[in-house]
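Enquirer: Right, I'll just put the structure down here and ask away after.
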Amino acid sequence: MQLDDVISSTVSGPRVEDAMLRSVRWLDRCIAAHSKPNQQNLFAIIQGGLDPILRNKCLEEMTKRDVPGFAIGGLSGGEAKDHFWRMVALSTKHLPRNKPRYLMGVGYATDLVVCVALGCDMFDCVYPTRTARFGSALVPWGSLQLKNKQYAKDFQPIDENCTCPTCQR
């Protein structure tokens, strides 16, 4: 992926446009610098914050470039869910369906389900790893605090219906 100028999704005004235009310029510089496209993948990162006009402008510019895939950036920064999902929908609507569409920084279960339905293909997030590191397990009905006293001597599977390696031990 090219570098992108990341700002808070709740920022508005000229700074959002500056960040979006800088991200477009950085993509052009990356495309020029990558001389072996068969050995590496460069995804364009769509920016524009919560401004639909700027996001559409960025989409128009980025989709003119021949890149293997697209990342949706500039979200997951504290904005309201309805604004977040609206910008994801706007972005996926204008991205090619034959190329991967990667939504950056999203890892909550509800967001994953909604964003797959909106057309996103790939995700990354520290949430599941951080949650496990602090002693919680994500389960279909929420999360379990495995460090709680009630689980100190409980060696049963976390979810007896699950087939993952952790639950099968």
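Residue numbers for the sequence shown follow full-length UniProt numbering, so the first one is 1 and each next one is one higher.
Note that CB positions come from ideal geometry on N, CA and C, so glycine has one too.
#1: Mind checking which residues open and close the alpha helix (DSSP H) that includes residue 53?
#2: Is it true that the CB of residue 45 sits closer than 7 Å to the CB of residue 78?
#3: Cα-Cα, which of 31, 50, 42 and 149 is closest to residue 14?
#4: How many angstroms separate the CA atom of residue 121 from the CA atom of residue 154?
#5: Would you decide whether residue 115 is buried or exposed? Buried here means 16 or more other CB atoms lie within 10 Å of its CB.
#6: Going by DSSP, which residues form a beta bridge with residue 139?
#7: Name the two residues that bound the continuous alpha helix (DSSP H) containing residue 108.
#8: Name, in chain order, the residues that DSSP records as bridge partners for residue 69.
#9: Does DSSP classify residue 15 as helix, strand or coil?
#10: Since residue 147 is in the alpha helix (DSSP H), which residue starts that stretch and which ends it?
#11: Any beta-carbon of chain B closer than 7 Å to the one on residue 81?
#12: Tell me the rounded alpha-carbon separation between residue 55 and residue 75.
#13: Would you list the one or two residues that DSSP bridges to residue 122?
#14: Distance, Cα to Cα, residue 170 vs residue 42?
#15: Just checking, does the stretch 143-151 make contact with the stretch 123-130 on the three C-beta pairs under 8 Å criterion?
Expert: Considering the structure as presented:
#1: Counting from 1 along the sequence shown, the entry for residue 53 is found at position 53. Element bounds for residue 53: 52-62.
#2: Taking the sequence shown and counting its residues from 1, one reaches residue 78 at position 78. Taking the sequence shown and counting its residues from 1, one reaches residue 45 at position 45. Not in contact: residue 78 and residue 45 (Cβ atoms no closer than 7 Å).
#3: Here the question's residue 14 lines up with position 14 in the sequence shown. Taking only the C-alpha atoms, the option nearest residue 14 is 50.
#4: Counted from its first residue, the sequence shown places residue 121 at position 121. Counted from its first residue, the sequence shown places residue 154 at position 154. Cα to Cα, the separation comes out at about 37 Å.
#5: For this step, residue 115 is matched to residue 115 along the sequence shown. Buried: at least 16 other Cβ atoms inside 10 Å.
#6: Along the sequence shown, read from residue 1 onward, the residue named residue 139 stands at position 139. In DSSP, residue 139 forms a bridge with 142.
#7: The residue labelled residue 108 in the question sits at position 108 within the sequence shown. Per DSSP, residue 108 belongs to no alpha helix (DSSP H) and is neither H nor E.
#8: The sequence position of residue 69 within the sequence shown is 69, counting from 1. 43.
#9: Position 15 of the sequence shown, counted from the start, is the residue given in the question as residue 15. Residue 15: helix per DSSP, three-state reduction.
#10: Within the sequence shown, residue 147 is the residue found at index 147, counting from 1. Here residue 147 belongs to no alpha helix (DSSP H), and DSSP marks it neither H nor E.
#11: The question asks about chain B, but that chain is absent: this structure has only one protein chain.
#12: Start at 1 with the first residue of the sequence shown, and residue 55 comes out as number 55. Start at 1 with the first residue of the sequence shown, and residue 75 comes out as number 75. If you draw a straight line from the Cα of residue 55 to the Cα of residue 75, it is about 11 Å long.
#13: Against the sequence shown, residue 122 aligns to sequence position 122. Residue 122 is bridged to 102.
#14: There is simply no residue 170 to check, as the chain begins at 1 and stops at 169 in what is shown.
#15: no
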